[in-house]
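S.K.:
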Amino acid sequence: MNKNKKLLVALSVATMLATNGLVMAATPAGQQDVRSGQAAHEFADKSGHEKKGGMRVVHGDDAALLDLLKIDADTFKEKIDSGQTLLDIANEQGVPEQTLRDFVAEHMTQRLDEGVANGRISAEKAQQIKDNMDQHVSDIINGKGPMQGHKGHGPGFAANEKLLELLKIDAETLNSELQAGKTLAAIAKEQGVSEKKLKSVMAAEMTARIDEGVKAGRIDSDQAKTMKKDLDKRVTDMINGKAPMHRSHGPKQGALANNQELLALLKTDAQTLQSELKDKTLAEFAKEQGVSEQELKALLVSQMTSRIDGAEQAGRLTADKAQQAKENLDERVDDMINGKAPMHRGHGPKQGALANNQELLALLKTDAQTLQSELRGGKTLAEFAKEQGVSEQELKALLVSQMASRIDEAEQAGRLTADQAQQAQAGLDERVNDMINGKAPMHRGHGPNLFNNQELLALLKTDAQTLQSELKGGKTLAEFAEEQGVSEQELKALLVSQMTSRIDEAEENGRLTADKAQQAKENLDERVDDMINGKPGQPQPREKVDF
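Per mature numbering (1 follows the signal peptide of the UniProt record, and there is no 0), the sequence shown runs over residues -25 to -1, 1 to 522.
1) Roughly how many angstroms separate the alpha carbons of residue 482 and residue 442, rounded to a whole number?
2) Helix, strand or coil: how does DSSP classify residue 345 here?
3) Candidates 362, 63, 165, 293: which alpha carbon is nearest residue 339's?
4) Mapping DSSP to helix, strand and coil, what is residue 437?
5) From 454, 283, 466, 450, pick the residue whose C-alpha is nearest to that of residue 433; which is it?
6) Got a sec, what are the start and stop residues for the alpha helix (DSSP H) residue 201 sits in?
7) Thinking C-alpha only, which one of 355, 459, 378, 468 is nearest residue 395?
8) With residue 46 as the anchor, note down where its alpha helix (DSSP H) starts and where it stops.
9) Helix or strand or just coil, what does DSSP make of residue 287?
10) Quick check on residue 533: does DSSP put it in helix, strand or coil?
11) What is the DSSP secondary structure of residue 487, reduced to helix, strand or coil?
12) If I measure Cβ to Cβ from residue 537 and keep anything under 7 Å in the same chain, skipping five residues before and after, which residues do I get?
13) Give the list of continuous alpha helix (DSSP H) stretches no shorter than 4 residues that lie fully inside the region 244 to 316.
14) In whole angstroms, what separates the C-alpha of residue 301 from that of residue 308?
15) Could you spell out the range, first to last residue, of the alpha helix (DSSP H) harbouring residue 211?
16) Using only the alpha-carbon positions, how far apart do residue 186 and residue 168 sit?
17) Between residue 370 and residue 379, how many whole angstroms is the CB-CB distance? I'm expecting something under 8 Å.
18) Can you tell me whether residue 11 is buried or exposed, with buried defined as 16 or more other CB within 10 angstroms of its CB?
19) When the Cα atoms are used, what is the spatial distance from residue 15 to residue 448?
20) Run the CB neighbour count on residue 263, radius 10 Å, all protein chains shown included, and call it buried at 16 or more, exposed below.
21) Do residue 471 and residue 452 have their C-beta atoms closer together than 7 Å?
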């Protein structure tokens, strides 16, 4: 557990099975997870925990851990909340490290064996985890399993534990099948799951998320009732490809043309939506499709709120920053769908291109042209935000949440390993601070062009002119990064993530076919390695380079 993160952790340390690794989780009401292993997508805990007042009552492994540590549940929670690791607590309680290691390893092994017996993980994957058991245990007791917080965000298909368990499939296979053009209903049929059962699970999760929104005060009962209207029809459209799956990014993403719930609500496909938004507002198109503005707003507010909550649960946003990010959310969504913050091809909040970032434009109450003009005129993003009545803290909260979500997406999709994702997340708050305050110049916000790449400049703690000068002087990008205290692995993790996102966008927008997009991703890691090391055939970029 990263001591710099606020961890919402309670009583349970439950070993859980994952598609490509093992999850060791301490969770409040099943919301938070500690992950060890690559692209872990956990299954629901089957240990039969009861709940009282939203907190799980300890049973089994939980009670055994508390007994081992000679500590009560409330004290354990306080210590975890304060940032202590399991090893810290064990040391304080006089429990030898080896005893703790043996305990964790024993219970992990037991859960793995149960998972194999229940068919939730293959024997081969279980053995792979066991072969690296010492490292997994070390990561868990020392808090190195990153807090991702993906649970509970609704039906993000490849990260939906209940769905994966229902289909008896892993996230990687599901992603692959959807990318090949199959509908979710077709995959379910192949796995022996009826469409009725699939719809039941999907509808239940979407309904639960709406109900959570009402309880949390994010949406009112009328909005909830509107969202539940025709839910059965929308789920049917979604699983049958009438709202295209597009790589299973799931409804928490605001990328309009890649937002399954939105496409299902509007009874349209990504290509049609993109075409219509070239000269219509989202609200206007929704009206033509028989969807009221209230229904549209209710969905988008719920999705954006869920994403902020996820960032808070994962420790990427403090409670105060999360609250600020939610302020005036209803008004900002209203601006967005009514063209006061232009939609610009529906790239949505996951994109880092400032002039094409709908949530940012809505927050700043501006349009793309004005933002570009102000930044070109020499203002920093923070200065312009202040003029628009937006605090630096609000601005940072939004951008950190967006950038972190993009890294999470890359990890879920298998484009980044867990270690690479963790490195890309490291120092994110500081990098955003540098970016908005001109320490890494904004340069029109075009995204990952080498000398116009805000995230890269922030990571390297440099400006475009210095970077250009150093590369022209004969240094490779990797050499300059090393001088700036940035490892080659960190550098590669960022660039691979950015380049992959650009390819995905091109495919979503119809500029690349699925085959061409796949070809563009082939050997991407190796190509980035060649590029940053200036190997023959991959000359160092001198000017604007589109990835």
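Even glycine gets a Cβ: it sits at the ideal position worked out from N, Cα and C. Since we're looking at a predicted model, the values are computed, not measured.
M.R.: Looking at the atomic coordinates:
1) C-alpha separation (whole angstroms): 30 Å.
2) Looking at residue 345 - three-state DSSP - the assignment turns out to be helix.
3) With distances taken between Cα atoms, residue 339 lies closest to 362.
4) Coil, per DSSP.
5) Out of 454, 283, 466, 450, 466 has the C-alpha closest to the C-alpha of residue 433.
6) Residue 201: member of the alpha helix (DSSP H) spanning 196 to 203, first to last residue.
7) Nearest option by C-alpha distance: 468.
8) Note, residue 46: premise wrong, no alpha helix (DSSP H); not H, not E.
9) In the structure shown, the three-state DSSP call for residue 287 is helix.
10) Outside the displayed range of the chain (-25 to 522) lies residue 533, so it cannot be described from this structure.
11) In the structure shown, residue 487 sits in coil (DSSP, three-state: anything other than H, G, I, E or B).
12) A query on residue 537 cannot be resolved here, the shown segment of the chain reaching from -25 to 522 and no further.
13) Runs found: 245 to 252, 257 to 263, 268 to 288, 294 to 301, 304 to 312.
14) The C-alpha of residue 308 is placed about 11 Å away from the C-alpha of residue 301.
15) Taken as a continuous stretch (DSSP letters only), the alpha helix (DSSP H) holding residue 211 covers 206 to 214.
16) Their Cα atoms are separated by approximately 26 Å.
17) A Cβ-Cβ distance of about 15 Å is found for the pair residue 370 and residue 379, leaving them out of contact under the 8 Å criterion.
18) With a pLDDT of 33 at residue 11, under the threshold of 50, the predicted position of this residue should be treated as unreliable, though the coordinate-derived value follows. Looking at its Cβ environment, which holds 16 or more other Cβ atoms inside 10 Å, residue 11 is buried.
19) Any reading at residue 15 must be qualified, since the residue scores a pLDDT of 30, below 50, and its modelled position is unreliable; the value itself is stated next. A straight line joining the alpha-carbon of residue 15 with that of residue 448 spans about 42 Å.
20) Label assigned to residue 263: exposed.
21) No, Cβ-Cβ distance for residue 471 and residue 452 is not below 7 Å.
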